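Residue numbers for the sequence shown follow numbering that gives the first Met the number 0, beginning at 0 and rising by one.
C-beta atoms are modelled at their ideal positions from N, C-alpha and C, and glycine is treated no differently.
Quick caveat, the model's predicted, so the values are computed rather than measured.
Inspection log for the structure reproduced underneath, given as C-alpha cells.
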Amino acid sequence: MANGDQAENEIARQLYWARIVSSPDSWRTRATSAGGFLSAAAAASLLGLGTVDDPNGAQAVSVSLATILYVAAVGSFLAASVWPSPSRTISLADDNCANEVFEYVADESKPIRKLVIGGGIASVLALLATAVSAMLIVLGDQSSSVQVTFRDDPERTAAQHLCSKLPETFRAEMARGATDDLAEITLQPSHCAGRAVTMTIPRQSIIVSEAHQ
0 MANGDQAENE IARQLYWARI VSSPDSWRTR ATSAGGFLSA AAAASLLGLG
50 TVDDPNGAQA VSVSLATILY VAAVGSFLAA SVWPSPSRTI SLADDNCANE
100 VFEYVADESK PIRKLVIGGG IASVLALLAT AVSAMLIVLG DQSSSVQVTF
150 RDDPERTAAQ HLCSKLPETF RAEMARGATD DLAEITLQPS HCAGRAVTMT
200 IPRQSIIVSE AHQ
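Next up, the structure:
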C-alpha cells in the first residue's frame, strides 16, 4: 500500500511540476487565441461603426475610444504571445534546482500574465465603448443641418405660406432617410412664428448644401 501511495504521490508531483513549467506557454497560448478573436471582432465592429455618415461629436469620440482600446488590447495580447523567456540558465545538478526552476517560471510568467490580464480589461472596455457607440448611433440625431434653396415656385410658395419669414436661402434640418425622390425638411421656428414646421417635398425641387457654422 505504501508503495502505491508513493507512486501516486510521485505522479501528482510530476503533474504539478509539469503544470508549473508549462504555465508561461499556457499564458502565451491564451494571448494568441484572445488576440486573434479580438482582431476579428474589432475589424467587424469598427467597419460597421465607420459606415456612419457625418457622425456627431459624441459618436466620433466613442468610436475613437473603442478603436484605441481595441489597439491596446490586441497589442497587449501580441506582446504576451511573443514575450521572451529569461536569459539566465539553471543547473539541474544543483541541489536547489527545484526552487530555481520555480523562480524562473514565476519570473517568466509574471509579465506575460500581466499583459494578458491588461489585454482582457482593455477588451472589455473596448466592447463597452463599441456598445455605447452603437447606442449613440441608433439613438443619435436622425437629421443633419443644411442650407436649402427652392428650385420650384410651388414648393417655395407652400413653404412661405407656412413660414412667412422664410428667406430665399435658409437653414433647415434634413432627415437622414431622404431618398432621391423625397426629402423631409424641418424649418426653423424663427422663420415660422415660433414653431418648427416639417415638410415632405420632392427632392429635386430644392438645392441642398452644407450648412455654414
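Beta carbon of residue i nearer than 8 Å to that of residue j
i           : j           : result
residue 45  : residue 66  : yes
residue 111 : residue 27  : yes
residue 135 : residue 58  : yes
residue 80  : residue 34  : yes
residue 114 : residue 75  : yes
residue 238 : residue 30  : Residue 238 lies beyond the residue range present for the chain, which begins at 0 and ends at 212; the question has no answer from this structure.
residue 121 : residue 48  : no
residue 207 : residue 173 : yes
residue 205 : residue 168 : no
residue 170 : residue 143 : no
Which residues DSSP lists as bridging residue i, in chain order
i           : result
residue 36  : BP columns for residue 36 are empty, so no partner.
residue 170 : 146
residue 197 : 185
residue 209 : 145
Per-residue burial, residue i [other beta carbons within 10 Å of its own, 16 or more giving buried]
i           : result
residue 153 : exposed
residue 107 : buried
residue 97  : exposed
residue 212 : Because residue 212 sits at a pLDDT of 48, beneath the cut-off of 50, its placement in the model cannot be relied upon, and the following sentence gives the value as read from the coordinates. By the neighbour-count rule (16 or more Cβ atoms within 10 Å), residue 212 is not buried but exposed.
residue 118 : buried
residue 36  : exposed
residue 200 : buried
residue 158 : buried
residue 61  : buried
residue 0   : Residue placement at residue 0 is poorly supported in this model, since its pLDDT is 49, which falls under 50; the coordinates still yield a value, given next. It is exposed - the Cβ of residue 0 has fewer than 16 other Cβ atoms within 10 Å.
residue 160 : exposed
residue 43  : exposed
residue 125 : buried
Check whether the region 162-169 touches the region 94-108, counting contact only when three or more Cβ pairs, one atom from each stretch, lie closer than 8 Å. no
Taking one C-beta from the region 180-200 and one from the region 121-129 each time, how about it: are there three or more such pairs within less than 8 Å? no
Which complete beta strand (DSSP E) runs does the region 123-165 hold, if anything under 3 residues is left out? 142-149
Note down, one range per segment and in chain order, each alpha helix (DSSP H) of at least 4 residues found wholly within the region 44-117. 56-80
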